[in-house]
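The structure under discussion appears below in the form of structure tokens.
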Amino acid sequence: MQLNNSFTVPADPATAWNILLDVPRIAPCMPGAELTEVVGDRAYKGNAKLRVGPVSLTFSGEAEITEIDEAARTAKVRARGNDTKGRGGAEAEVVFKLSEDGGASRVDITTELNLSGSVAQYGRASGLVDAIAGQIISDFAKNLEAEIGADATPAAGGDADTLAATESASEPAAAAPKQDAPKSDNSISGIRLFFRALWAMIRGK
Amino acid sequence: MKSAPFTYHDPGTVDEAIALLGQHEDAKLLAGGQSLMPMLNMRFVVPDHVVDLNGVAGLAGITDTGDALEIGAMTRQRDLMRDAAVGAKAPIIPEALEFVGHFQTRNRGTIGGSLCHLDPAAEQPCLMAVYDAVLTVQGPDGTREVPFAEWPLAYMIPSIGPDELLTKVRVPNWAAGHGYGFAEFARRHGDFAIVSAAALLEVSGGTISRAAIAIGGADVRPIRLEEAEAALVGQAANAESFKAAGEMARKIDAISDAYVSSAYRQRLAATMVERALAKAGSRAGGSA
Amino acid sequence: MADTRDIEVTVNGQRHSATVETRTSLGDFLRQGLGMTGTHMGCEHGVCGACTVLLDGEAVRSCLMLAVQANGHEVTTIEGLADADGTLSPLQKAFWENYGLQCGFCTPGMLTSLTAFLKENPDPSEREVREAISGNICRCTGYQGIVDAALSAAKTMREV
Chain Y
513 MQLNNSFTVP ADPATAWNIL LDVPRIAPCM PGAELTEVVG DRAYKGNAKL
563 RVGPVSLTFS GEAEITEIDE AARTAKVRAR GNDTKGRGGA EAEVVFKLSE
613 DGGASRVDIT TELNLSGSVA QYGRASGLVD AIAGQIISDF AKNLEAEIGA
663 DATPAAGGDA DTLAATESAS EPAAAAPKQD APKSDNSISG IRLFFRALWA
713 MIRGK
Chain F
14 MKSAPFTYHD PGTVDEAIAL LGQHEDAKLL AGGQSLMPML NMRFVVPDHV
64 VDLNGVAGLA GITDTGDALE IGAMTRQRDL MRDAAVGAKA PIIPEALEFV
114 GHFQTRNRGT IGGSLCHLDP AAEQPCLMAV YDAVLTVQGP DGTREVPFAE
164 WPLAYMIPSI GPDELLTKVR VPNWAAGHGY GFAEFARRHG DFAIVSAAAL
214 LEVSGGTISR AAIAIGGADV RPIRLEEAEA ALVGQAANAE SFKAAGEMAR
264 KIDAISDAYV SSAYRQRLAA TMVERALAKA GSRAGGSA
Chain C
198 MADTRDIEVT VNGQRHSATV ETRTSLGDFL RQGLGMTGTH MGCEHGVCGA
248 CTVLLDGEAV RSCLMLAVQA NGHEVTTIEG LADADGTLSP LQKAFWENYG
298 LQCGFCTPGM LTSLTAFLKE NPDPSEREVR EAISGNICRC TGYQGIVDAA
348 LSAAKTMREV
């Protein structure tokens, strides 16, 4: 299936391009992601945690930046992972394109996604994967914005506060449980992720 | 199929159970087992740890505090159906529980398990919605109370952290002699509801003074028909009013799935609400 | 290393000690651990009722319980319904007389469920019997013989 997403980075294209290629730096901004190994110049190993209702999934695998076009500011990434409990796998070919957007940078993402095994059923629930991808990228963009913002401000401690403020801004209006999630544990945000992902899917938005 | 291997724990206290949840990231709580065991057997969930709550002291039981019923999370559905206080103060509960699975599953299934599993078509969440029940959750930092309206966070995800436990629910009493009615449509007796409706009415001199209506099965969370409830207050408790309320139910945002369209669910909602209200009306003391 | 526990379960009046894998269901423990294959596993997700046994007298799905959860409890299976000398219970006899079984796969679950049901409801209506067996699926009989048997047994037991 094909997914189309985009987000904005609050930095000029040259700066944004370099940040996005700094995978170890931006990996913590991805909700549920954990970078475990830098294999080569452009190859990485890691895990991604997701939760669909009562089912917790952990995909373990690798990603490789297969093409980089500095001039056009596009990159191609191939990623694949398997559920550590054997319920299936996911393979994706992702194309990133960075363009200037009024002083900031807009990133357009086109993903070809293949689900196999038991998890393929989620691909059949219409709109579910779209909604989940959309939510992951939206959370990623918010976290990235905070990460970049903290980089710019000299004040110490601003990083964690900004991230906390960002996370609470994206909380549902209803009181969410008090999650003292340390910044490195992104898997907890999966709960909030699915709140809006599935809500949006079911509301047909 | 058979469950994948896991490490089994049977704590004796709530604190032990919470500590276990904190220690083990990939743990599932086992209550009645009527929802978790099928998922384990089909390997839909593959947790590293299973924490059995059946041996935890103090989690089951029903207390009548005078203005409410306090029900322990591990209280079996069968016990809710047989309890005298529940039958007297909250009779809609045993009526609705007749529709929950079968008597064999009710012998093990618990109210807490159903509320935490939060299947969109489950009857018990619908009942908690109509009552505006308050849920007590305990974690490593203490207890907190969650009004039921805030409980469902997402599809089958309640507002509970990974190291927290639902310990009890508080069901506030309605006036003595209140009317109650539960109606459900399913393909076979005992199936999950395609659409269900719970209605509570207080009637005096033939006029409705208080109304609560909740619909289950139409969305990921039970829907309270606040507009219809407000419209009913001051109306005569008769078929006309109930039909009007049913028509308002028809306008809900209902989910669509492979089996049932949203339009059909809307039609069912209208009929189930009307039927639930009719039952409630006929049972309300103070009807003209 | 599999996670195991030592358990003691009384089955049909006899105490059994065993070491079981914690993930083993009660149904599998009865069938494979104790060799009591009368209890049948039809779906293993709680809908067919063929695995129904009595736990401390109450009908439960043995596929939805872990064997370790039966530790210290009493289980009654189909093998325990007849008398020690082989005399069938009134319900079993009624099944025989009223064609309440054909292939027999659902029968153990039907018998345990109805045994529990009739104990609490000694004078049920036909509708009540049908509701009681709504959690037990039969592919052969069309249920009429089963309902007749239940009503007949109820009558017999009331007259005792």
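Protein chains in written order, with the working numbering: chain Y, 513 to 717; chain F, 14 to 301; chain C, 198 to 357.
No residue lacks a Cβ here, since even glycine has one placed at the ideal position from N, Cα and C.
Since this is a predicted model, take the numbers as computed values, not measurements.
CB-CB length for residue i against residue j, believed under 8 Å
| i | j | result |
| --- | --- | --- |
| C/Leu261 | C/Gly243 | 5 Å |
| F/Ile105 | F/Phe195 | 6 Å |
| F/Tyr12 | Y/Gly544 | For residue 12 of chain F there is no data in the structure shown, the boundaries of chain F being 14 and 301. |
| Y/Ala616 | Y/Ala523 | 7 Å |
| C/Cys248 | C/Gly224 | 5 Å |
| Y/Glu546 | Y/Asn559 | 5 Å |
| Y/Ile536 | Y/Val550 | Position check: residue 536 of chain Y holds Pro in this sequence, whereas Ile was assumed. Their Cβ separation, rounded to whole angstroms, is 6 Å, which keeps Y/Pro536 and Y/Val550 in contact under 8 Å. |
| F/Pro133 | F/Val233 | 5 Å |
Residue j beta carbon less than 8 Å from that of residue i
| i | j | result |
| --- | --- | --- |
| F/Pro60 | F/Ala40 | yes |
| C/Pro319 | C/Arg355 | yes |
| F/Leu148 | F/Gln137 | no |
| F/Ala211 | F/Ala291 | no |
| F/Leu131 | F/Pro165 | yes |
| F/Leu66 | F/Ala17 | no |
| F/Asp145 | F/Pro171 | no |
| Y/Arg590 | Y/Glu576 | yes |
| F/Ala258 | F/Gly229 | no |
| C/Val257 | F/Arg121 | yes |
| C/Glu139 | C/Thr207 | Outside the displayed span of chain C (198 to 357) sits residue 139 of chain C, for which this structure offers no information. |
| C/Gln299 | C/Cys337 | yes |
| F/Lys256 | F/Glu215 | no |
| F/Ile173 | F/Val150 | yes |
| F/Leu43 | F/Val64 | yes |
| C/Val187 | C/Ser259 | The structure shown has nothing for residue 187 of chain C, since chain C only spans 198 to 357. |
| C/His237 | C/Gly306 | yes |
Residue-level contact to chain C via CB, residue i, 8 Å cutoff
| i | result |
| --- | --- |
| F/Ser126 | Before going on, a small fix: residue 126 of chain F reads as Gly here, not Ser. Chain C, which has no Cβ nearer than 8 Å to the Cβ of F/Gly126, makes this no. |
| F/Tyr272 | no |
| F/His130 | no |
| F/Asp65 | yes |
| F/Thr26 | no |
| F/Thr20 | yes |
Opposing strand residues paired with residue i [DSSP bridges]
| i | result |
| --- | --- |
| F/Asp77 | F/Leu82 |
| Y/Phe608 | Y/Ala587 and Y/Ile621 |
| C/Gln211 | C/Val208 |
| F/Thr20 | F/His62 |
| F/Leu179 | F/Val150 |
| Y/Gly593 | Y/Gly573 and Y/Ala602 |
| C/Thr249 | C/Arg258 |
| C/Thr216 | C/Asp203 |
| F/Ser269 | Answer by DSSP bridge pairing: none, since F/Ser269 is not bridged. |
| F/Val184 | F/Leu82 |
| Y/Asn626 | Y/Glu603 |
| Y/Arg563 | Y/Ser568 |
| Y/Ala616 | Y/Asp613 |
| Y/Ile531 | DSSP lists no partner for Y/Ile531. |
| Y/Ser518 | Y/Asp620 |
| Y/Val550 | Y/Tyr556 |
Any C-beta of chain F under 8 Å from that of residue i
| i | result |
| --- | --- |
| C/Ser286 | no |
| C/Thr307 | Reading the sequence as shown, one finds Met at residue 307 of chain C and not Thr. Cβ-Cβ to chain F under 8 Å: no for C/Met307. |
| C/Gly243 | yes |
| Y/Glu679 | With a pLDDT of only 37 at Y/Glu679, under 50, the local geometry of the prediction cannot be trusted, and the value read off the model is given with reservation. Output row for Y/Glu679: interface = no. |
| Y/Gly558 | no |
| C/Gly332 | yes |
| C/Glu325 | no |
| Y/Pro536 | no |
| Y/Pro543 | no |
| C/Gly171 | Outside the displayed span of chain C (198 to 357) sits residue 171 of chain C, for which this structure offers no information. |
| Y/Pro540 | no |
| Y/Val567 | yes |
Within-8 Å CB hit, residue i to chain Y
| i | result |
| --- | --- |
| F/Asp39 | yes |
| F/Phe205 | no |
| F/Tyr144 | no |
Quiz item: Which full runs of the beta strand (DSSP E) of 3+ residues lie inside the region 257 to 342 of chain C, going along the chain?
Solution: 271 to 273
Quiz item: Which ranges would you report for the alpha helix (DSSP H) in the region 194 to 257 of chain F if only whole runs of at least 4 residues count?
Solution: 239 to 245
Quiz prompt | In chain order, each beta strand (DSSP E) run of at least 3 residues that lies wholly inside the region 25 to 62 of chain F | solution = Counting only runs of 3 or more, we get 40 to 43.
Self-check item: Ordered list of alpha helix (DSSP H) runs contained in the region 76 to 158 of chain F, each at least 4 residues
Solution: 90 to 95, 97 to 102, 105 to 110, 116 to 119, 124 to 130 and 136 to 144
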